[in-house]
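A.B. asks: Dropping the structure in here first, questions after.
Residue numbers (the numbering used here): -16 to 78.
Right, here's the structure in full:
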């Protein structure tokens, strides 16, 4: 977690470390999105997609997201790296 993460999620780095990544996927991660995402990760693949949710002030936003598995030397997945970019303004301008 870095400064950009703190800005996007309104969450301090210290509070994010150790949290399950689903916490940061947004409200629409319910079933279909989450299942597709987890299916990709289970195959050891990187998942790319858009996640819509609300910020801490309740405003809608859209995040372009990539989640990549990190493996130990034996090939076992031990962590995930998540990158997100807030594309809310770009999407609003496209409409």
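Don't be surprised by glycine CBs; every beta carbon is placed ideally from N, CA and C.
Rank 29, 18 and -12 by C-alpha distance to the C-alpha of residue 62 and give the top, closest one.
C.D. replies: Nearest C-alpha to residue 62: 29.
A.B. asks: Please go through the same chain and pick out, in chain order, the residues whose beta-carbon is closer than 7 Å to the beta-carbon of residue 64, but skip the five residues on each side of it.
C.D. replies: For residue 64, where only same-chain residues beyond five positions count, the Cβ hits under 7 Å are 51 and 53.
A.B. asks: Could you check what DSSP says for residue -5 in three-state terms: helix, strand or coil?
C.D. replies: Residue -5 falls in the coil class under three-state DSSP.
A.B. asks: Got a sec, what are the start and stop residues for the beta strand (DSSP E) residue 52 sits in?
C.D. replies: Run containing residue 52: 43 to 54, per the beta strand (DSSP E) assignment.
A.B. asks: So, under 8 Å CB-CB, residue 38 and residue 48 are touching, yes? Tell me the CB distance rounded to an integer number of Å.
C.D. replies: With a Cβ gap of about 15 Å, residue 38 and residue 48 do not count as contacting.
A.B. asks: In angstroms with no decimal places, state the Cα-to-Cα distance between residue 57 and residue 42.
C.D. replies: So the two alpha carbons sit approximately 43 Å from each other.
A.B. asks: Could you tell me the alpha carbon to alpha carbon distance between residue 15 and residue 2, rounded to whole angstroms?
C.D. replies: Rounded to whole angstroms, residue 15 to residue 2 spans 22 Å at the Cα level.
A.B. asks: What does the alpha-carbon distance come out to for the pair residue 19 and residue 55?
C.D. replies: In a straight line, the C-alpha of residue 19 is about 24 Å away from that of residue 55.
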